[in-house]
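Line by line, the protein sequences are chains A and B. End of the first sequence = 411 in the working numbering, gap-free, step of one. End of the second sequence = 822 in the working numbering, gap-free, step of one. Here a beta-carbon is modelled for each residue, glycine too, at the ideal position from N, C-alpha and C. Small disclaimer: the values here were computed from a predicted structure and weren't measured.
Protein chains: 2
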Amino acid sequence: MSKGLRARRASGGDMEKERETLQAWKERVGQELDRVVAFWMEHSHDQEHGGFFTCLDREGRVYDDLKYVWLQGRQVWMYCRLYRTFQRFHHSQLLNAAKAGGEFLLRYARLAPPGKKCAFVLTRDGRPVKVQRTIFSECFYTMAMNELWRATGEVRYQTEAVEMMDQIVHWVREDASGLGRPQLQGAPTAEPMAVPMMLLNLVEQLGEADEELAGKYTELGDWCARRILQHVQRDGQAVLENVSEDGKELSGCLGRQQNPGHALEAGWFLLRHCIRKGDPELRAHVLDKFLLLPFRSGWDPDHGGLFYFQDADDFCPTQLEWAMKLWWPHSEAMIAFLMGYSESGDPVLLRLFYQVAEYTFRQFRDPEYGEWFGYLSREGKVALSIKGGPFKGCFHVPRCLAMCEEMLGAL
Amino acid sequence: MSKGLRARRASGGDMEKERETLQAWKERVGQELDRVVAFWMEHSHDQEHGGFFTCLDREGRVYDDLKYVWLQGRQVWMYCRLYRTFQRFHHSQLLNAAKAGGEFLLRYARLAPPGKKCAFVLTRDGRPVKVQRTIFSECFYTMAMNELWRATGEVRYQTEAVEMMDQIVHWVREDASGLGRPQLQGAPTAEPMAVPMMLLNLVEQLGEADEELAGKYTELGDWCARRILQHVQRDGQAVLENVSEDGKELSGCLGRQQNPGHALEAGWFLLRHCIRKGDPELRAHVLDKFLLLPFRSGWDPDHGGLFYFQDADDFCPTQLEWAMKLWWPHSEAMIAFLMGYSESGDPVLLRLFYQVAEYTFRQFRDPEYGEWFGYLSREGKVALSIKGGPFKGCFHVPRCLAMCEEMLGAL
């Protein structure tokens, strides 16, 4: 943090008061993390087949036993991460559940081994139900395997991770035909921001404390960052979810689509990239375009909270859920603003962290049964009482709480 | 209508008052139909390429120029139907727009002629953007072509319709591989109720005043009716959207999914089947299971209106929009209850028509710019201000109004 900003924070002698507030939030966040992890440990483990139930109602009852590969991989990753990096989570119950989830993925995730394409959702006993023609199941598989290797030291997990990573990079940068998407004459060659975001996240994951892989993926990381930055359009006035591969705005709703929470998530992925690079200029750009801009445009002035989807020309989005308030954009915003503050010391970012965190803890927490609600109406009422489903598992909430606890501790 | 019920309606000498109410609704519905048709005629016609813009905002401005094949076919069908059956719509402007839409479909809808598979969405100039691995684009294509033949007398349209119908029947009853769905080991062989519904609707469409085709499709119509009736599950206490092909309940959310508006639409498809068959026993069953039952379970006791999705075990549905109030379930309910009353004379069904129609006209109409809003919050607030989009075009509202005007006139 620069001396000037340190001074600014200290000025008026409110340093002490601020430290107390940060300390209070650290405790609040840490206690919430314990409750959230307890919810998943109590309700989501499939003792019979391994892996995790994620379709859990408010109280944790399983309302469907399908196993979504994204969420299986994410929960394995989360458990290993907590086991590795938090003393109080360093216990065998968490590691064994992660291993059982990892073995379930190894055995069943791929549709036709040795082929690498993974299913999107499996039956409880591992038979494929649906496939997506995207890279995301494979990305979360890779995250899970890399963390399992770090948590257990078993090399076979890391081999799986690196081989899958090579396949994903091949699909994205050389030949996507393996994903099975039909080539249609009128289909725009759109790049969803999720693709370079996800890859950048994997570069960070695989390169962590691993000089060899960090080196192997340096160029890929720079490429991802460039691609994500191409989504800043309209003279820097909008982050668009989909642009052409050469960085031009696309026509129609697809081209105008905005997702403030996703831009904020990209923001903290890019901030970590800046830290690795030691690039303060890029950092300033990221803070401006991926943190402050999406918050300005995406925060609901009437009811608070971040809109899910917006249209850059202020047409009404066609997504029925566009005005709903979802849990994950708010967890990503908490991470982004706290990381932005930790890196820049700019008190504006700390105030935004407090604003988002207060809204999030007030609206999404369930003091009665634990874990957070995922889906609120525009006005902030619980619209779906489920705690987990096809897209909500043990990931965004504990990742946010764990990262915030660490960052608050460091401040 | 049975003498007994005629007497019941007349009893208490309220026959006259009732006739006045029906007459008032006939005028209200007729005027609304004029306003709705005017909206689409003014805003949706693509004079350059033919076909229709359906992504229209509240005022009718085009916010996207993609052409969704379902909606192209539906609008052609609707225009021809109005042209054929309503004196006041029997004008060349409507017919010419329908023909231009039909020619657009003939030229561009199919992905690889002479192959029959159609795109789901096309660019404004007819290049394919997306394909669905279902029969629905092809079904609406068939409806459009059959009506164009009826409106113009040009045989080439009818040839298109009959050939496409044969292909659809082949996909559904003999070999679905042409649809390109991957066979996955864990995927249940589920039958969505939409498939036999859509086919039954086509049987009605193609067989109308056409003894030869009516004969050709008699067995198919009976098969469709049997298949739809298989969706009545749990000892007749629930209509489930998805069942196994041999009529068993499926596990999980998929098996428990209910869609009250869809059941009501199936109800009036089946009522017309009963009329053709002259089967009063089946009619009584349909009125009970496809009209009264879905209304009892699907009508929101707190805010009025029909829920979009429900879970047969009262778990929270995973669809984010489950509690929203959509325009089409309400237009289908108006048709179903008025048809049920016309056929049975049961005053309970007439009261339900009034209840749904009052809610629908109050909540969905836009007195300012015409056409109806499509998507309301659970509480009945407009959630999306669009008048048309990827799934809402010139179809459910005018079809409902036209059919209700005819039925009210006949009463």
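Closer than 9 Å to chain A by CB, residue i
i	result
A520 (chain B)	no
V540 (chain B)	yes
Y474 (chain B)	yes
G724 (chain B)	The identity of residue 724 (chain B) in the sequence shown is Asp, whereas the question assumes Gly. Yes, its Cβ sits closer than 9 Å to a Cβ of chain A.
R492 (chain B)	no
P603 (chain B)	no
Q766 (chain B)	no
M412 (chain B)	Below a pLDDT of 50, predicted positions are generally treated as unreliable, and M412 (chain B), at 45, falls in that range; the measurement from the model is reported next regardless. With 9 Å as the cut-off, M412 (chain B) does not count as an interface residue toward chain A.
Contacts that residue i makes with chain A (C-beta to C-beta distance below 8 Å)
i	result
D457 (chain B)	Result: empty, since nearest Cβ-Cβ is about 14 Å, beyond 8 Å.
A598 (chain B)	P128, V129, K130
Contact set between residue i and chain B, taken where Cβ atoms lie within less than 7 Å
i	result
I386 (chain A)	C727, T729
Y375 (chain A)	L731
A238 (chain A)	None at all; the shortest Cβ gap to chain B is about 16 Å.
A323 (chain A)	A794
Below-9 Å beta-carbon distance, residue i vs any chain B residue
i	result
L66 (chain A)	yes
R19 (chain A)	no
Q142 (chain A)	In the sequence under discussion, the amino acid at residue 142 (chain A) is Thr, which differs from the Gln named in the question. No, T142 (chain A) lies away from the interface with chain B (no Cβ there is under 9 Å from its Cβ).
M403 (chain A)	no
R378 (chain A)	yes
Where residue i meets chain A, residues with beta-carbon distance less than 7 Å
i	result
L444 (chain B)	Residues of chain A passing the Cβ test: none, with the nearest at roughly 25 Å.
Chain B contact residues for residue i, given Cβ-Cβ distances below 8 Å
i	result
L264 (chain A)	Going along chain B, no residue has its Cβ under 8 Å from L264 (chain A), so there is no contact; the nearest lies around 20 Å.
Using a Cβ cut-off of 9 Å, which residues of the stretch 171–185 of chain A contact any Cβ in chain B, in chain order? Of all residues in the stretch 171–185 of chain A, only G180, P182, L184, Q185 come within less than 9 Å of chain B when Cβ atoms are compared, listed by chain position.
Contact the stretch 311–322 of chain A vs the stretch 340–354 of chain A: 3+ CB pairs below 8 Å: Contact fails: fewer than three Cβ-Cβ distances are below 8 Å.
Segment contact, 8 Å Cβ cut-off, at least three pairs: the stretch 506–522 of chain B with the stretch 586–593 of chain B: Contact fails: fewer than three Cβ-Cβ distances are below 8 Å.
Count Cβ pairs between the stretch 245–252 of chain A and the stretch 447–464 of chain B that sit closer than 8 Å; are there 3 or more? Verdict: no, contact absent.
Residues in the stretch 459–472 of chain B having any Cβ partner in chain A nearer than 9 Å: Within the stretch 459–472 of chain B, those residues whose Cβ lies closer than 9 Å to any Cβ of chain A are, in chain order, C466, D468, R469, R472.
Would you call the stretch 493–505 of chain B and the stretch 139–153 of chain A in contact, with 3 or more CB pairs under 8 Å? Taking one beta carbon from each stretch, the stretch 493–505 of chain B and the stretch 139–153 of chain A have fewer than 3 pairs nearer than 8 Å; the two do not touch.
Short-range partners of chain B found in the stretch 388–399 of chain A, where Cβ spacing is below 7 Å: Within the stretch 388–399 of chain A, the residues whose Cβ lies closer than 7 Å to some Cβ of chain B are G389, P390, listed in chain order.
In the stretch 654–691 of chain B, which residue ranges form an unbroken alpha helix (DSSP H) of at least 4 residues, counting only runs that do not cross its ends? Counting only runs of 4 or more, we get 663–667, 671–688.
Sufficient close CB pairs (3 or more, under 8 Å) joining the stretch 95–102 of chain A to the stretch 56–64 of chain A: In the pairwise beta carbon analysis, the stretch 95–102 of chain A is classified as not touching the stretch 56–64 of chain A: fewer than three pairs are separated by under 8 Å.
Taking only beta carbons into account, state which residues of the stretch 652–664 of chain B come closer than 7 Å to chain A, listed in chain order. Residues G663, C664.
Near-chain B residues of the stretch 96–124 of chain A - C-beta to any C-beta below 7 Å: Hits within the stretch, in order: L122, T123.
Inspect the CB distances between the stretch 637–652 of chain B and the stretch 579–586 of chain B and report whether three or more fall short of 8 Å. As far as the Cβ criterion goes, the stretch 637–652 of chain B does not touch the stretch 579–586 of chain B, which means the pair count is below three.
Just list the alpha helix (DSSP H) runs in the stretch 280–355 of chain A, keeping only unbroken ones of 4 residues or longer that don't cross its boundaries, in chain order. 280–286, 293–298, 327–344, all fully within the stretch 280–355 of chain A.
Determine contact between the stretch 626–634 of chain B and the stretch 608–618 of chain B, defined as no fewer than three beta-carbon pairs at a distance below 8 Å. Taking 8 Å as the limit for Cβ pairs, the verdict is that the stretch 608–618 of chain B does touch the stretch 626–634 of chain B.
Taking three-plus beta-carbon pairs below 8 Å as touching, is the stretch 541–553 of chain B in contact with the stretch 595–602 of chain B? These segments do not touch.
Scan the stretch 39–120 of chain A and note each continuous alpha helix (DSSP H) run of 4 residues or more that stays entirely inside, going in chain order. As far as the stretch 39–120 of chain A is concerned, its whole alpha helix (DSSP H) runs of at least 4 residues are 69–85, 92–108.
With three or more C-beta pairs closer than 8 Å as the rule, is the stretch 277–288 of chain A touching the stretch 298–316 of chain A? Taking 8 Å as the limit for Cβ pairs, the verdict is that the stretch 277–288 of chain A does not touch the stretch 298–316 of chain A.
Give, in chain order, every unbroken run of the beta strand (DSSP E) that is at least 3 residues long and sits entirely within the stretch 586–647 of chain B. Within the stretch 586–647 of chain B, the complete beta strand (DSSP E) runs of at least 3 residues are 601–603.
Taking 8 Å as the threshold, find out whether the stretch 571–579 of chain B comes into contact with the stretch 546–554 of chain B through three or more Cβ pairs. As far as the Cβ criterion goes, the stretch 571–579 of chain B touches the stretch 546–554 of chain B, which means the pair count is three or higher.
List in chain order: all unbroken beta strand (DSSP E) runs of 3+ residues lying wholly within the stretch 369–410 of chain A. Counting only runs that start and end inside the stretch 369–410 of chain A, the beta strand (DSSP E) elements of at least 3 residues fall at 382–384.
Please determine if the stretch 799–812 of chain B and the stretch 483–490 of chain B are in contact, where contact requires at least 3 C-beta pairs separated by less than 8 Å. The stretch 799–812 of chain B is in contact with the stretch 483–490 of chain B.
Could you tell me whether the stretch 374–386 of chain A touches the stretch 30–43 of chain A, where touching means 3 or more Cβ pairs closer than 8 Å? Per the Cβ contact rule, the stretch 374–386 of chain A is not in contact with the stretch 30–43 of chain A (fewer than 3 Cβ pairs under 8 Å).
Are the stretch 720–730 of chain B and the stretch 767–782 of chain B touching by the rule of at least three beta carbon pairs closer than 8 Å? No: fewer than three Cβ pairs fall under 8 Å.
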